[in-house]
Amino acid sequence: MREFRPEPRPYEMMVLIRPTVTDEALTEEVDRISSVITEFGGAVTNVKRDSPWGRRRLAYQIQDARDATYVLYHFTSEPSQILEIERDLKLDDRIIRYLLIRQDEREESAEREATGS
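Each residue of the sequence shown is one higher than the one before, starting from 1 at the first, in the UniProt record's numbering.
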């Protein structure tokens, strides 16, 4: 019988990092999260931590923080590895909150048309 091997799917993840993290530690944290994704078989395609994201005021207080640094990741991964990535994110004290969603194929093609690639 043939073994079923799921194809990697595109994902988008927004991570909120504590405001107490210094710029140097922020760079290390962004790189660490990218390495966690690749460690579990994913491939990071894009990381946005500056414009238009960066450090912003939160709409409400989360874990005693009024500000946070927003970092947006685009990556591909096998669906079976997403739980491992999320588990690692939950254990990190520097991360206030994260949201990880699977990108729809239609969204991805519309995004490609908008950028002209």
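For glycine and all other residues, C-beta sits at the position ideal for the given N, C-alpha and C.
Any idea which residues DSSP pairs residue i with across the strands?
i    : result
R102 : Y11
R56  : A68
A43  : T76
I62  : A65
L16  : Y70, R97
Check each candidate in the options and name the one with the smallest Cα separation from residue i.
i   : options            : result
R94 : R55, S34, I17      : I17
L83 : F40, V71, T27      : F40
P19 : L58, E7, E12       : L58
K48 : H74, L91, Q81, Y11 : H74
In three-state DSSP terms, what is residue i?
i           : result
S51         : coil
R97         : strand
T38         : helix
residue 120 : Only positions 1 to 117 of the chain appear in this structure, which leaves residue 120 out of reach.
E32         : First, the amino acid is wrong: residue 32 is Arg here, not Glu. Of the three classes helix, strand and coil, the one that applies to R32 here is helix, per DSSP.
Using a Cβ-Cβ cut-off of 8 Å, state whether residue i counts as contacting chain B.
i   : result
E86 : In the structure shown, chain B cannot be found, because there is only a single protein chain.
How would you write the range of the alpha helix (DSSP H) that residue i sits in, first residue to last?
i   : result
R87 : 82-91
If contacts are defined as beta-carbon pairs under 8 Å, then residue i and residue j qualify, I think. What distance do you get, rounded to the angstrom?
i   : j   : result
I37 : I85 : 6 Å
M14 : L72 : 5 Å
T76 : G54 : Not quite, the Cβ-Cβ distance comes to about 25 Å (not below 8 Å), so this is no contact.
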